[in-house]
Amino acid sequence: MGERPAGRPWHANTRLDHFCIVTWAMEPGRLARALPAGIEPQVFEVEGRECSLASAVAFEDRDFHFKGCPLARISCGQINYRAYVRRGDQTGVYFFRTVLGSRWAVVPRQLWSMPWVHEQVLVRGCWEGAEVRTLEVEAPGAVSRTSIRLERESGLEVPPALLSSQVVDPALGWFTRFDGRLGRYSVWHPPLEAQAARVIGASAGPFEEADIVDPGQDSIGALVQRSVEFDVHLPPLTG
Numbered sequence: 006m007g008e009r010p011a012g013r014p015w016h017a018n019t020r021l022d023h024f025c026i027v028t029w030a031m032e033p034g035r036l037a038r039a040l041p042a043g044i045e046p047q048v049f050e051v052e053g054r055e056c057s058l059a060s061a062v063a064f065e066d067r068d069f070h071f072k073g074c075p076l077a078r079i080s081c082g083q084i085n086y087r088a089y090v091r092r093g094d095q096t097g098v099y100f101f102r103t104v105l106g107s108r109w110a111v112v113p114r115q116l117w118s119m120p121w122v123h124e125q126v127l128v129r130g131c132w133e134g135a136e137v138r139t140l141e142v143e144a145p146g147a148v149s150r151t152s153i154r155l156e157r158e159s160g161l162e163v164p165p166a167l168l169s170s171q172v173v174d175p176a177l178g179w180f181t182r183f184d185g186r187l188g189r190y191s192v193w194h195p196p197l198e199a200q201a202a203r204v205i206g207a208s209a210g211p212f213e214e215a216d217i218v219d220p221g222q223d224s225i226g227a228l229v230q231r232s233v234e235f236d237v238h239l240p241p242l243t244g
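When you line the sequence shown up against my numbering, it's residues 6 to 244, in that order.
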């Protein structure tokens, strides 16, 4: 992730509690058909086959605020629906959708044409120190239609691809603006210390809507961390 960039007034800072990354695999060509021109799927090896990956990343925002306005803070659930991609020689993620459990979702939507929507997002975790016991995500809205159930399992391993820097530490993200152009922005966070969790059940409506995941398709693994700090470098750039 590198050194932390100097903060600017429009940069946002937040602490992500009950943080989880739940990942699905698909054929690279299937993901490619859902991506805009110029964005290509990254290809990983999972259990001996080449595939592409997409993740629902859920957490509870704690004290999200812009650095230039530190007294205005929000805390709520959030889910990012992202696929792992490249653009030219750059790697990062493509955001299909972000669902925020606050009416403040209108701010990035209106100011920067980001694909954010406001729907109920409930994120609940039970922990023993840094070790997860259970983690649940519920987002029953028409857009999100997401349900995640995770629990601890000693000695559980995930496919090595899920521990790669491309999945765990992507710094650059793209999205399609409402005018059809690409937007992009970057993030910073300290190195994750995520642990594997057993997936009891997981579904993500935006991936089914994009036709990159089948209804009822099993995820290939989940990573969790009790809390991590994030900087989001705003405003997004265009092109």
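We treat Cβ as the ideally placed atom computed from N, Cα and C, and that holds for glycine.
Got a sec? Which residues, its chain only, sit under 6 Å from Val137 by beta carbon, not counting five neighbours each side? Only Arg157, Ala202, Val229 meet the Cβ criterion.
Just how far apart, CA to CA, sit Gln83 and Asn18? If you take the alpha carbons of Gln83 and Asn18, they lie about 14 Å apart.
Using only CA atoms, which one of Pro164, Ala215, Arg182, Asp236 lies nearest to Arg54? Comparing Cα-Cα distances from Arg54 to each of Pro164, Ala215, Arg182, Asp236, the minimum goes to Pro164.
Please name the residue, chosen from Glu52, His16, Ser60, that lies closest to Gln171 on a Cα-to-Cα basis. The residue from Glu52, His16, Ser60 with its alpha-carbon nearest to that of Gln171 is Ser60.
My output table needs one value for Gln95: the three-state DSSP class, helix, strand or coil. In the structure shown, Gln95 sits in a strand (DSSP, three-state: E or B).
Measuring straight from C-alpha to C-alpha, what distance separates Ala207 and Ile26? Ala207 and Ile26 have their C-alpha atoms spaced approximately 11 Å apart.
Tell me, which residues are paired with Glu65 by DSSP? Partner residues in the beta bridge of Glu65, as assigned by DSSP, are Asp22, Gly82.
Spatial neighbours of Gly188 in its chain, beta-carbon cut-off 8 Å, leaving aside the 5 residues before and after: Apart from the 5 residues on each side of it in sequence, Gly188 sits with its Cβ closer than 8 Å to the Cβ of Trp117, Ser118, Met119, Trp179, Phe180, Thr181, Arg182, Pro241, Leu242, Thr243 in its chain, given in chain order.
With 16 as the cutoff for other CB atoms within 10 Å, does Leu58 come out buried or exposed? Looking at its Cβ environment, which holds 16 or more other Cβ atoms inside 10 Å, Leu58 is buried.
Beta-carbon within less than 6 Å of Phe101's beta-carbon, same chain only, minus the 5 sequence neighbours each way: which residues are those? Closer than 6 Å at Cβ, skipping near neighbours: Tyr86, Pro211, Ala215.
With 16 as the cutoff for other CB atoms within 10 Å, does Ala63 come out buried or exposed? Classification of Ala63: buried, given that the 10 Å Cβ count is 16 or more.
Chain-order list of residues whose beta-carbon lies under 7 Å from that of Thr151 (same chain, five-residue window excluded): Ala61, Ile84, Val142, Ala144, Ser208, Ala209, Gly210, listed in sequence order.
I'd like to check one pair, Arg92 with Gly160: are the Cβ atoms closer than 8 Å? No, the pair does not count as a contact, with Cβ atoms beyond the cut-off.
Is the distance from the Cβ of Arg78 to the Cβ of Asp22 below 8 Å? Annotated as distal: Arg78 and Asp22, with beta-carbon spacing of 8 Å or more.
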